[in-house]
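Participant: Encoded as structure tokens, here's the structure I'll be asking about.
In our numbering, the protein residues as written are 474 to 565.
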């Protein structure tokens, strides 16, 4: 029984170490931007009201794409969502 538990623990630790070594993050939404090459979300703050599009553009430009803010929930602590899309005429 102890051997099975130790083997299972070793497998879990090895998988976690391999995932972290490749740069994977499993924290979910946090204080910054959470997203990938298709879009993402970031927390709403009234202080950032004029920079939502710039924040989204900065994220999507890392993937060579353009951004469009799709949803703004003007409640402190809620999220602003955006999508990343290809530039017109460019095949991704």
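Every residue, glycine too, gets a C-beta built ideally from N, C-alpha and C.
So, are the CB atoms of residue 546 and residue 508 less than 7 Å apart?
Facilitator: Within the chain shown, residue 546 is the residue found at index 73, counting from 1. Within the chain shown, residue 508 is the residue found at index 35, counting from 1. For residue 546 and residue 508, no; Cβs fall outside 7 Å.
Participant: Could you check how far apart the C-beta atoms of residue 552 and residue 514 are, in whole angstroms? I think they sit under 8 Å.
Facilitator: Counted from its first residue, the chain shown places residue 552 at position 79. Counted from its first residue, the chain shown places residue 514 at position 41. Sure, about 4 Å apart at Cβ, within 8 Å.
Participant: Looking only at its chain, what residues have a beta carbon closer than 8 Å to the beta carbon of residue 539, apart from the 5 residues adjacent to it on each side?
Facilitator: Along the chain shown, read from residue 1 onward, the residue named residue 539 stands at position 66. 530, 533, 557, 558, 559, 560, listed in sequence order.
Participant: Secondary structure at residue 482, three-state DSSP: helix, strand or coil?
Facilitator: Position 9 of the chain shown, counted from the start, is the residue given in the question as residue 482. Because residue 482 sits at a pLDDT of 47, beneath the cut-off of 50, its placement in the model cannot be relied upon, and the point is left open.
Participant: Could you give the first and the last residue of the continuous alpha helix (DSSP H) run that contains residue 518?
Facilitator: By 1-based counting over the chain shown, the position of residue 518 is 45. First-last for residue 518: undefined, no H or E at that position.
Participant: By the three-class DSSP mapping on this structure, what secondary structure does residue 550 have?
Facilitator: If you number the chain shown from 1, residue 550 lands on position 77. Of the three classes helix, strand and coil, the one that applies to residue 550 here is coil, per DSSP.
Participant: Roughly how many angstroms lie between the CA atoms of residue 505 and residue 543, to the nearest whole one?
Facilitator: Position 32 of the chain shown, counting from 1, holds the residue named residue 505. Position 70 of the chain shown, counting from 1, holds the residue named residue 543. Cα to Cα, residue 505 sits roughly 18 Å from residue 543.
Participant: For the candidate residues 516, 512, 523, 537, whose alpha-carbon lies nearest to that of residue 549?
Facilitator: Working through the chain shown from its first residue, we reach residue 549 at position 76. When each option's Cα is compared against that of residue 549, the closest is 516.
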